[in-house]
Every structure is written in C-alpha cells, then in structure tokens.
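For reference, each letter of the sequence shown is one residue, going 64 to 203 in my numbering. Just so you know, even glycine gets a beta-carbon here, dropped at the ideal spot from N, CA and C. Remember, it's a predicted structure, so these values are computed and weren't measured experimentally.
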Amino acid sequence: MVKKLFLYAIGVWFILLIVAILNGAFREEFIRPRLGEYPGHIFSTIILVAIIWIVVYLFIRTAGRGASTIDFLLIGVLWLVLTVIFEFCFGHYVEGQSWDILLANYNVLNGRIWVLVLLSELIAPPLLGFVIGSSSVNTT
C-alpha cells in the first residue's frame, strides 16, 4: 500500500511540475506584461499555490485511504526535495541561470514568495491528510 502511494505521489509531482511550467509560461506571456515583474510574481505564485492545494486534496481523496499523517509528511518532503533539485538543475544547467539568481528566488526579505510554493508542497499533504482522515472517521 505505502509503495503504491509513493509511486502515485511521484506521478502527482510530475503533474504539479507540468502545471508549474505552464504557470510560468502563462506568467511570462500574459501576467507580467500586464501587471509588471513583481505583481506578476505574486499573482503567479498565488495561482500555483492554490492549484497545489487543490491537486493535493484530490490526491488524498483518491489515493490516501489508509495512509498515515507520517506517510503524507514524507510525501511532502519528497515533493519539496524533488522541486528544489529540479529548479536548481533545470535553472542552472538548462536555462543557464547563475546560482546567485536562483538563490535570489528564495529571499523573502526581498519580497520573493516562491517559498510559499515549497511550503505548500511540504505541508499540504500531511495537513489535508489529517483533516480528510479525521473527517472520514465514522463516529457512530
């Protein structure tokens, strides 16, 4: 059961990856030209965070039966690690961005809120797993 859950979770992460790439393309093509760099960053991040929570909710409702909060926490950690590895490897080796530019996206003191995406990937699975698991317990 747990192995199947984690394989499913990796598949869901790939879906989130595709959604994030499409969100970035949408931001660059439509949002940023209309709102500007910083408002575009904020708006795009909020959209992606909302999508993550929706996808995690659907994931837990369909695949999460019988899983523990610890299982969901491990899934959140897995997603966080995969995302950071992908972002730095793709950003540096494919897009040619410097490490300084990549690290700048994590500087919340400069108004960069990308970390909300990572935080959502980390906490949404255990939190929603707990809430959905608690609400589906038969109390009779």
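Would you kindly work out how many angstroms separate the C-alpha atoms of F193 and S183, rounded to a whole number?
-> So the alpha carbons of these two residues sit roughly 15 Å apart.
Report all residues from its chain with a CB closer than 7 Å to the CB of I110; omit the five preceding and five following residues, and keep chain order.
-> Cβ neighbours of I110 beyond the five flanking positions: N86.
Alpha-carbon to alpha-carbon, N173 and I105 = Taking the straight line from one Cα to the other gives about 12 Å.
At which residues does the alpha helix (DSSP H) containing G87 begin and terminate?
-> 65-89 is the span of the alpha helix (DSSP H), which, as asked, contains G87.
Alpha carbon to alpha carbon, how far is E158 from G99?
-> Answer to the nearest angstrom: the Cα atoms are 22 Å apart.
Go ahead and pull the three-state DSSP assignment for E92.
-> Assignment of E92 by DSSP, reduced to helix, strand and coil, places it in the helix class.
Between the region 114-124 and the region 79-95, do at least 3 Cβ pairs fall closer than 8 Å?
-> Yes, they touch.
Residue of D134, I94, W142, R90 minimising C-alpha distance to L185 | Minimum Cα distance to L185 is reached at W142.
Spatial distance of V75 from I138 (CA atoms) = Taking the Cα positions, V75 is about 10 Å away from I138.
May I have the straight-line CA-CA distance separating A88 from I94, to the nearest angstrom?
-> For A88 and I94, the distance between alpha carbons rounds to 9 Å.
Taking C-alpha atoms, which residue in I164, L79, S107 lies nearest to E92?
-> Proximity to E92 across I164, L79, S107 peaks at S107, based on C-alpha coordinates.
Compare the beta carbon distance of D134 and V180 with 9 Å and say whether it is the shorter of the two.
-> Between D134 and V180, the CB-CB gap reaches or exceeds 9 Å.
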